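Chemist: This note's numbering applies: residue 379 is where the sequence shown begins, and numbers increase by one.
Following this message is one structure expressed as structure tokens.
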Amino acid sequence: MTSPLVILVASSVVVGVVGSIFILLAISVNSWEETDYDDTQFTQYYTNNSDDTIQVTPRASKNDYILYKYRVSSSDAWQTYFLYYEYGGAWRLCDTLSDSARSQMSAQGVTRDECYNFVSEYDEESTTLEEDGKSIARLQNSGASCFIVSIIDLVAAAGVGVITLTQKQVAAGMVTGVLYCMASLFTVFGLIIFHVKHHYEKYNCQNLYPVPPSICNSARTVTLLWAVPVAWVGVVICLVASVLWLLLTRALRVIKAKTML
């Protein structure tokens with residue numbers, strides 16, 4: 379019959395590895411959120427329409443953009459918006475624009491890279507983002523900082539866990555359990571910040587780049603993707619791993635105490 383200690387060791391290792399994979403996989407992909415626009419909602423505003431306050435040029439595909447122009451009255455200047463599909467993760471916001479679409483935008487004075495990295499590109503002092511964009515970038519940066527700590531904790535937990543099993547160090551086992559707990563905690567912090575950002579984007583019409591408020595509730599959709607629930611599952615698994623490692627630490631302490639008698 380398999381020893382209970384062996385089962386506990388195997389469970390601690392397997393659960394810890396699985397939890398780490400879930401969190402690291404979720405953090406590494408750009409599948410947290412997507413933003414898109416319902417083309418049918420713009421039909422009445424296509425450029426052949428007589429409306430002199432709103433003009434819309436439709437897109438040919440998701441690799442193109444919707445050109446939305448708005449003005450309060452016929453005597454005012456046009457406000458131009460480029461609306462296109464976006465998707466993002468913990469670190470970046472990307473789009474699927476073709477090179478020709480990007481060139482057309484550049485010709486109109488708007489330059490957009492394929493991906494915007496919140497960690498390396500956002501600077502509070504030099505950024506040209508509008509206030510809503512700054513708010514989104516700040517939240518994303520705060521969440522990314524939490525995820526960086528989570529990654530460090532998970533890597534450290536793996537290393538200290540190896541020391542625990544090879545050297546049978548009670549203190550190292552306790553540290554491993556605490557590290558898994560801290561990784562879960564900081565992942566929760568990052569997820570909460572991300573959900574707050576998602577709320578602002580979906581219900582307060584905030585976006586990294588300007589979006590006309592009039593279309594936010596009708597044509598614009600902001601959807602969570604599969605990586606978010608995967609991250610939450612990883613949090614739960616890592617919490618279980620933390621408990622298992624602390625139980626293993628207690629078992630090692632008891633075994634060491636008995637061998638010393």
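The beta carbon of each residue, even a glycine, is placed where N, CA and C say it ideally should be.
Just so you know, these numbers come straight off a predicted model, no measurement behind them.
Using the three-state DSSP reduction, which class does Asn595 fall into: helix, strand or coil?
Modeler: Numbered from 1 along the sequence shown, position 217 holds the residue referred to as residue 595. In the structure shown, Asn595 sits in coil (DSSP, three-state: anything other than H, G, I, E or B).
Chemist: With DSSP collapsed to three states, give me the class of Leu445.
Modeler: Within the sequence shown, the letter at position 67 stands for residue 445. Strand at Leu445.
Chemist: Three-state secondary structure (DSSP) at Asn519?
Modeler: Numbered from its first residue, the sequence shown carries residue 519 at position 141. Helix, per DSSP.
Chemist: Between the alpha carbons of Thr505 and Val497, how many angstroms are there, rounded?
Modeler: If you number the sequence shown from 1, residue 505 lands on position 127. If you number the sequence shown from 1, residue 497 lands on position 119. Going by the C-alpha atoms only, they are around 13 Å apart.
Chemist: Taking the straight line between their C-alpha atoms, what separation do you get for Leu569 and Leu403?
Modeler: If you number the sequence shown from 1, residue 569 lands on position 191. If you number the sequence shown from 1, residue 403 lands on position 25. Taking the straight line joining both Cα atoms gives about 14 Å.
Chemist: Between Tyr462 and Leu475, how many whole angstroms is the CB-CB distance? I'm expecting something under 8 Å.
Modeler: Reading the sequence shown from its first residue, position 84 is the one you call residue 462. Reading the sequence shown from its first residue, position 97 is the one you call residue 475. That belief holds up - the Cβ atoms of Tyr462 and Leu475 are roughly 6 Å apart, short of 8 Å.
Chemist: Quick one: Cα of Lys512 to Cα of Leu586, how far?
Modeler: By 1-based counting over the sequence shown, the position of residue 512 is 134. By 1-based counting over the sequence shown, the position of residue 586 is 208. CA-to-CA, the gap between Lys512 and Leu586 works out to about 7 Å.
Chemist: Can you tell me which residues form a DSSP beta bridge with Thr435?
Modeler: Residue numbering aside, residue 435 sits at position 57 when the sequence shown is read from its first letter. Beta-bridge pairing links Thr435 to Leu445.
Chemist: Using a 10 Å radius around the Cβ and a threshold of 16 neighbouring Cβ atoms, would you call Ser381 buried or exposed?
Modeler: Here residue 381 refers to the residue found at position 3 when the sequence shown is read from its first residue. Exposed, because fewer than 16 other Cβ atoms sit within 10 Å of the Cβ of Ser381.
Chemist: How many Å lie between Ser453 and Gln422 at the Cα?
Modeler: Locating residue 453 in the sequence shown gives position 75, where the first residue counts as 1. Locating residue 422 in the sequence shown gives position 44, where the first residue counts as 1. Roughly 22 Å separates the two Cα atoms.
Chemist: From the DSSP output, which residues share a beta bridge with Asn585?
Modeler: Mapped onto the sequence shown, residue 585 falls at position 207. In the DSSP assignment, Asn585 is bridged to no other residue.
Chemist: Assuming Leu386 is part of the alpha helix (DSSP H), what are its boundary residues?
Modeler: Numbered from its first residue, the sequence shown carries residue 386 at position 8. Residues Pro382 to Ser406.
Chemist: Measure the alpha-carbon distance for Glu464 versus Lys546 and round it to whole angstroms.
Modeler: As a first step, residue 464 must be located in the sequence shown, where it is residue number 86. As a first step, residue 546 must be located in the sequence shown, where it is residue number 168. Rounded to whole angstroms, Glu464 to Lys546 spans 49 Å at the Cα level.
Chemist: Where Pro590 and Ala597 are concerned, what is the direct C-alpha to C-alpha distance, given to the nearest angstrom?
Modeler: The sequence position of residue 590 within the sequence shown is 212, counting from 1. The sequence position of residue 597 within the sequence shown is 219, counting from 1. One C-alpha to the other measures close to 10 Å.
Chemist: Kindly indicate which three-state DSSP category Arg628 falls into: helix, strand or coil?
Modeler: As a first step, residue 628 is located in the sequence shown; it is residue number 250 there, counting from the start. In the structure shown, Arg628 sits in a helix (DSSP, three-state: H, G or I).
Chemist: Output needed for Ser389: all residues of its chain with C-beta closer than 6 Å, excluding positions within five of it in sequence on either side, in chain order.
Modeler: Mapped onto the sequence shown, residue 389 falls at position 11. Hits under 6 Å: Leu622.
Chemist: CA-CA distance, Ala619 and Glu412?
Modeler: What you label residue 619 is simply residue 241 of the sequence shown in a count that begins at 1. What you label residue 412 is simply residue 34 of the sequence shown in a count that begins at 1. When rounded, the distance between both Cα atoms is 32 Å.
Chemist: Three or more C-beta pairs closer than 8 Å, one from the segment 555-564 and one from the segment 524-538: is that the case here?
Modeler: yes
Chemist: Cα separation between Leu625 and Asp442?
Modeler: Within the sequence shown, the letter at position 247 stands for residue 625. Within the sequence shown, the letter at position 64 stands for residue 442. C-alpha separation (whole angstroms): 55 Å.
Chemist: Quick check on Tyr500: buried or exposed, where buried means 16 or more other Cβ atoms within 10 Å of its Cβ?
Modeler: Walking along the sequence shown from the start, residue 500 turns up at place 122. Flag for Tyr500 reads buried.
Chemist: Work out the CA separation of Val387 and Gly397 for me, nearest whole Å.
Modeler: Position 19 of the sequence shown, counted from the start, is the residue given in the question as residue 397. Position 9 of the sequence shown, counted from the start, is the residue given in the question as residue 387. Between Gly397 and Val387, the C-alpha separation is close to 15 Å.
Chemist: In the DSSP assignment, find the unbroken alpha helix (DSSP H) run with Phe420 in it and report its ends.
Modeler: In the sequence shown, counting from the first residue as 1, residue 420 sits at position 42. Per DSSP, Phe420 belongs to no alpha helix (DSSP H) and is neither H nor E.
Chemist: Let me make sure I understand the geometry here. Which of Lys634, Asp491, Cys616 and Ala609 has the alpha-carbon closest to that of Trp410?
Modeler: Indexing the sequence shown from 1 puts residue 410 at position 32. Checked all of Lys634, Asp491, Cys616 and Ala609; the closest Cα to Trp410 is Ala609.
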